[in-house]
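A.B. asks:
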Amino acid sequence: MSLAVVFPGQGSQSVGMLAALAADHAVVRQTFDEASAVLGYDLWALVQTGPEEQLNSTERTQPAMLAAGVATWRAWRAAGAPDPSVLAGHSLGEFTALVCAEALDFSDAVAAVQFRGRVMQEAVPAGQGAMAAILGLEDADVEAACAEAAAGEVVEAVNYNSPGQLVIAGHAGAVGRAVEAAKARGAKRALVLPVSVPAHSSLLRGAGERLRERLADIPVSVPRWPVYAVGLGRHDSAAAVRDQVVAQLSSPVRWTDTIRDMLAHGATRLVECGPGKVLTSLNRRIERNKDITMIAIEDPASLAAALFTGAQA
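Residue numbers (our numbering): 7 to 319.
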């Protein structure tokens, strides 16, 4: 294996994203137009002009990030990118990886993630759920802080993003107590995030079952290339795709383990397709070997750089 392609999830969105890439690659706008036809509103206009609070609404963010990742992938592939050896996505980005691996039709996935965002928002009433980032502690210490703070409520480690960077989620009160417990254990930073959906916590199991029902009518194929199910193995059958995208709604994202496994199996280039550089930044914290090439594609210059490094590999 040499080329691994990864796709960001919710949180990497911004008003104006991919404008420069769209100016050079018509397929970017075409991809957003496809999504708009499914959604019933102009997704490109929302992405380019906002308002920001609408773009940041989970039900709209998820189709926007799916379209952004697929559009970037299509532009890169049209420019001559080689076949990948493996793909993965962070949380919502797993849907993007499955579309790009030809396991899911793009239009079907747009409808599915719009529904996914809606049921996530509905799963826990506003103000009752929370997420927080804990920096500078070992995973075991964060897990212990959560156990100490639970007091009959839910608070769990949900995003193992990189060594020393872990996100927790659950009931708002328990998350707040866990933040204070993490600080007492020596966390460099521990702060509640500006979101109310406790993503990847057990509080979203009901949302996962609603998503399972929605996916029952969507055609699913075996991925053309291997796709990681973050923390849950790989999507190696149509049944696994359905089961694992449901399970990941209420299961931790084990990004550190995913990247380490890619590298252990021979990945030498990690390319991020989509706006921002969140995953590339995390990947560099996970693996500091300068012989491993890591590039985030979000504009014409970074796309050209990714093609160049591929030609040199």
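Note that CB positions come from ideal geometry on N, CA and C, so glycine has one too.
Because the structure is a prediction, the values reported are computed rather than measured.
Exposed or buried, what is T55 when buried is set at 16 or more other beta-carbons lying within 10 Å of its beta-carbon?
C.D. replies: T55 comes out exposed.
A.B. asks: So, S320 versus A10, is the Cβ gap smaller than 8 Å?
C.D. replies: Here the chain has residues from 7 to 319 only, and residue 320 is not among them.
A.B. asks: Give me the Cα-Cα distance between V228 and A310, rounded to the nearest whole angstrom.
C.D. replies: Approximately 30 Å, taken between the alpha carbons.
A.B. asks: Have a look at L313 and N295 and give me their C-alpha separation to the nearest angstrom.
C.D. replies: The straight-line gap from Cα to Cα measures roughly 21 Å.
A.B. asks: With a Cβ-Cβ cutoff of 8 Å, do R266 and I292 count as a contact?
C.D. replies: In contact: R266 and I292 (Cβ atoms closer than 8 Å).
A.B. asks: Grab me the residues of R191's own chain with a C-beta within less than 7 Å of its C-beta, minus the 5 sequence neighbours each way, in chain order.
C.D. replies: Counting only Cβ-Cβ distances below 7 Å, and skipping sequence neighbours, we find L143, D147, A151.
A.B. asks: Tell me the DSSP secondary structure of N62 in three-state form.
C.D. replies: Coil, per DSSP.
A.B. asks: Per the DSSP calculation, C279 is bridged to which residue(s)?
C.D. replies: Its beta-bridge partners are I303.
A.B. asks: Between N167 and V160, which are expected to be in contact by the criterion C-beta below 8 Å, what is the C-beta distance as a whole number of angstroms?
C.D. replies: At roughly 20 Å, the Cβ-Cβ gap does not stay under 8 Å, so N167 and V160 are not in contact.
A.B. asks: Run through the DSSP bridge pairs and tell me what Q68 is partnered with.
C.D. replies: Partner(s): none; Q68 has no beta bridge.
A.B. asks: Classify Q16 as helix, strand or coil using the three-state DSSP reduction.
C.D. replies: Coil, per DSSP.
A.B. asks: Give, in chain order, every unbroken run of the alpha helix (DSSP H) that is at least 4 residues long and sits entirely within the stretch 132-186.
C.D. replies: Here the runs fully enclosed are 145-155.
A.B. asks: In whole angstroms, give me the CA-to-CA distance for A319 and R66.
C.D. replies: Residue placement at A319 is flagged as unreliable, the pLDDT there being 48, under the threshold of 50; the coordinate-derived value follows with that caveat. Going by the C-alpha atoms only, they are around 38 Å apart.
A.B. asks: What is the DSSP secondary structure of L110, reduced to helix, strand or coil?
C.D. replies: The answer is coil: DSSP assigns L110 none of H, G, I, E or B.
A.B. asks: Does the pairing of the stretch 203-213 with the stretch 127-135 give three or more beta-carbon distances under 8 Å?
C.D. replies: The answer is yes - the stretch 127-135 touches the stretch 203-213, with three or more Cβ pairs under 8 Å.
A.B. asks: By how many angstroms is the C-alpha of R240 removed from the C-alpha of S257?
C.D. replies: For S257 and R240, the distance between alpha carbons rounds to 15 Å.
A.B. asks: Sorted by chain position, which residues of the same chain lie with C-beta nearer than 6 Å to D305's C-beta, five sequence neighbours on each side aside?
C.D. replies: Excluding sequence neighbours, D305 sits near A26, L27.
A.B. asks: Do you know how far the Cα of A115 is from the Cα of L221?
C.D. replies: Rounded to whole angstroms, L221 to A115 spans 9 Å at the Cα level.
A.B. asks: Could you check the C-alpha separation between R83 and P169 for me, to the nearest Å?
C.D. replies: Approximately 32 Å between the Cα atoms of the pair.
A.B. asks: Buried or exposed for Y234, please, with buried defined as at least 16 other CB atoms from any protein chain shown within 10 angstroms of its CB.
C.D. replies: Per the 10 Å Cβ criterion, buried.
A.B. asks: For G95, list the residues DSSP reports as bridge partners.
C.D. replies: Paired residues: F13.
A.B. asks: Check whether the stretch 48-63 and the stretch 248-255 are in contact - that is, three or more C-beta pairs closer than 8 Å.
C.D. replies: They do not touch, by the three-pair rule.
A.B. asks: Out of R290, E162, A73, which one is the CA nearest neighbour of F13?
C.D. replies: Residue A73 is the option with its Cα nearest to F13.
A.B. asks: For A117, I'd like the list of residues in its chain whose CB is within less than 7 Å of its CB, leaving aside the five on either flank, ordered along the chain.
C.D. replies: V44, listed in sequence order.
A.B. asks: When burial is assigned at 16 or more other CB atoms within 10 Å of the CB, is P281 buried or exposed?
C.D. replies: With 16 or more Cβ atoms within 10 Å of its Cβ, P281 is classed as buried.
A.B. asks: Taking the alpha-carbon positions, what's the V5 to Y47 distance?
C.D. replies: What the structure shows of the chain is the stretch from 7 to 319, and residue 5 is not part of that stretch, so it cannot be assessed.
A.B. asks: To test your reading of the DSSP string, which unbroken beta strand (DSSP E) runs of 3 or more residues are found completely within the stretch 229-284?
C.D. replies: Correct list: 275-279.
A.B. asks: Among Q120, H96, F121, A32, whose alpha-carbon lies nearest the alpha-carbon of A77?
C.D. replies: Among Q120, H96, F121, A32, the Cα nearest to that of A77 is on A32.
A.B. asks: Given D30, which residues of its chain have a CB within under 7 Å of its CB, disregarding the five upstream and five downstream residues?
C.D. replies: Same-chain partners within the cutoff: P306.
A.B. asks: Excluding five sequence neighbours on each side, which residues of the same chain lie with their C-beta closer than 7 Å to the C-beta of A178?
C.D. replies: Cβ within range, chain order: G133, Q134, G135, A136.
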